[in-house]
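Colleague: If you scroll down you'll find the structure; I have some questions about it.
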Amino acid sequence: MTSLCSRSVHIFCHVEGCTDWSVDYKKYQALLGEPVRIRCALFYGYIRANYSLAQSAGLSLMWYKSTGHGDFEEPISFDGTRMSKEEDAIWFRPAELEDVGYYSCVLRNSTYCMKVSMSLNVAENDTDVCYNSKMRSYEKAELSKSKNISCPGIEEYIQAGTEPDITWYKECKPQQWRASIETKDSLYIREVREEDTGNYTCELTLGAFVVRKTTQLSVTGKSTAIRLLLLHQLVKV
């Protein structure tokens, strides 16, 4: 059988006759009650094949869950409602706290076996806000310069050829954005002001569910300018 292994990645170890690539670098995160999709990382950097090609080659994709890496892995029973297997991914609609753990996808037949694990963390929002502070992204912007804030990981949920339904919030509240701020699948600030510091949340509507991603923006530049002005005044004195 022709090998599907990618030579560009170093094999980590072998477990029970299956090539085990350990835990993938990508960490999945979801807020309680929101949907999340975990894709089998084997098809995105470990083997030279996609899901359809693997199927046509007679390979089966199986999923297992464990509470920690290296712990006992239990086969997943999909109920087809809240948790479902769809091609090379698992969908949670929605994610619950009990879903936290490691998810291993195993691609195999009688002579071939490869495995990789992905971690999932599910957490509740902080009190009185629409995000969990430990799950925020962080960005910096320079005063008077332009800044583009993306909706992190949103590409995981958008189907090709469709226009995403995204709403932007600041500090979890709807905004009347000034003319120099454009909101689409990303938020673009043409000229950053000091007041633009804060938490920006993008909300993607997916049927009956929403996915929220929050970015904390800090603005730099003014304090530096003040220090330079004070230094200049001291030198003149």
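Residue numbers (UniProt numbering): 1 to 237. The beta-carbon is built from N, C-alpha and C at its ideal position, and this holds for glycine as well. Since this is a predicted model, take the numbers as computed values, not measurements.
#1: Let me know if PRO35 comes out buried or exposed under the rule of 16 or more other beta-carbons within 10 Å of its beta-carbon.
#2: Leaving out five residues on either side along the sequence, give the residues of the same chain with a beta carbon under 7 Å from the beta carbon of LEU42.
#3: Return no unless some Cβ of chain C is closer than 7 Å to the Cβ of ASP71.
#4: Keeping to the same chain, check which residues put their C-beta closer than 6 Å to that of CYS18; ignore five residues upstream and five downstream.
#5: Measuring only the C-alpha atoms, how far is ARG48 from GLY33?
#6: Smallest Cα separation from GLU194: which of ILE181, ALA208, THR220, GLY207?
#7: Can you tell me where the beta strand (DSSP E) with ALA123 in it begins and where it stops?
#8: Is the beta carbon of TYR25 within less than 6 Å of some heavy atom of the ligand GDP?
#9: For GLN55, name the three-state secondary structure that DSSP assigns.
#10: Using 8 Å as the threshold, is the stretch 49-63 in touch with the stretch 162-175, meaning 3 or more CB pairs across them?
#11: Hey, quick one: how far does the beta strand (DSSP E) through THR214 stretch, first residue to last?
#12: Under 6 Å Cβ to Cβ from TYR64, same chain only, skipping five residues before and after it: list those, please.
#13: Given that a residue counts as buried once 16 or more other Cβ atoms are within 10 Å of its Cβ, and exposed if not, what is LEU120?
#14: Count the other C-beta atoms from every protein chain shown that fall within 10 angstroms of the C-beta of TYR200, then say buried if there are 16 or more, exposed otherwise.
#15: Is it right to say ARG212 is buried, meaning 16 or more other beta carbons lie within 10 angstroms of its own, or is it exposed?
#16: How far does the beta strand (DSSP E) with SER22 in it reach, from first residue to last?
#17: Could you compute how far the alpha carbon of CYS151 sits from the alpha carbon of ASP185?
#18: Does the distance from the CB of ALA179 to the CB of VAL122 come in under 7 Å?
#19: Count the other CB atoms within 10 Å of the CB of ASP71; is the residue buried (16 or more) or exposed (fewer)?
#20: Do you know whose CA, among TYR46, SER218, TYR44, GLY198, lies nearest VAL129's CA?
Modeller: Let me spell this out:
#1: buried
#2: CYS105, LEU107, MET114, VAL116
#3: Any reference to chain C falls outside this structure, which holds one protein chain only.
#4: CYS113, LYS115
#5: 35 Å
#6: THR220
#7: 113-123
#8: No copy of the ligand GDP occurs in the structure displayed, which carries no ligand at all.
#9: helix
#10: no
#11: 209-220
#12: GLU73, PRO75, SER104
#13: buried
#14: buried
#15: buried
#16: 18-31
#17: 7 Å
#18: no
#19: exposed
#20: GLY198
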